[in-house]
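Down below is the structure, laid out as structure tokens.
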Amino acid sequence: MMDPHPSLRLLEDEMGTLSEQFGSGATLPPKCFTAMQAMFLEYESRRLLKVAFPVLESFLNPLRTMQGGFIAAAFDNTFGPLSYLAARGACVTLDLHTQFVRTITLGDTLTVQATVVSRGPQTLYLAGEATNGRGKLVATCSANAVVVKSITPVG
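So the sequence shown is residues 97 to 251, counted in my numbering.
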């Protein structure tokens, strides 16, 4: 097994700080991230996050390739933690634009690399690329996120 990227220690530290800031009700990473069996691969503080997602049977469409919605969810599950870390607080995605390039099949790994392209006091613009296990481009995505000042749970 490969040693984890050295930057993951920094990621763990920064996520721990955010968790303390949010209190006991926050789950970082969220359950939607862990449900996709995602694994952090690389992190550059407040700038870049790389995450691997195994292509599971439950993610397949009728043609037995990863459904586009799960590919979009992989981007969202990468942009989300990166936006929180970049903003040093909670963010909400305003839009998500995904362009599909090629299919990816069961047993492969979708790797998403996301970057913060622009960071303002209230908004972030993020961009990402998803590749298969051979390094071929599967999809691209961009998103805008807004930094929220306070979170009130709905329920």
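Where a beta carbon is used, it is the ideal one built from N, C-alpha and C, also for glycine. Remember, predicted model here, so these are calculated numbers, not experimental data.
Rounded to whole angstroms, Lys245 and Leu159 show a C-alpha spacing of 43 angstroms. The alpha-carbon separation between Val213 and Ala239 amounts to approximately 10 angstroms. With respect to the C-alpha of His101, the residue from Arg215, Leu145, Ala122 having the closest C-alpha is Leu145. As a beta-bridge residue in DSSP terms, Met162 pairs with Leu156. Distance between Thr113 and Ser120, taken at the CA atoms: about 12 angstroms. With respect to the C-alpha of Ser154, the residue from Thr174, Met132, Val208, Arg143 having the closest C-alpha is Met132. Contact annotation: Pro217 and Val188 have beta-carbon atoms that are not nearer than 9 angstroms. Under the three-state reduction of DSSP, Ser103 is assigned to helix. Ranking Arg142, Ala170, Leu137, Ser141 by CA distance to the CA of His193 puts Ala170 first. For Ala131, the enclosing alpha helix (DSSP H) starts and ends at 127–131. Close CB contacts of Arg198 within its chain, under the 6 angstroms cut and outside five residues either way in sequence, are with Val234 (chain order).
For Gly224, the uninterrupted beta strand (DSSP E) run begins and ends at 219–227, by DSSP.
Across the structure, Arg215 and Gly224 are spaced so that their CA atoms are roughly 15 angstroms apart. Between Ser141 and Leu106 the beta-carbon gap is near 6 angstroms, inside 8 angstroms, which marks them as a contact.
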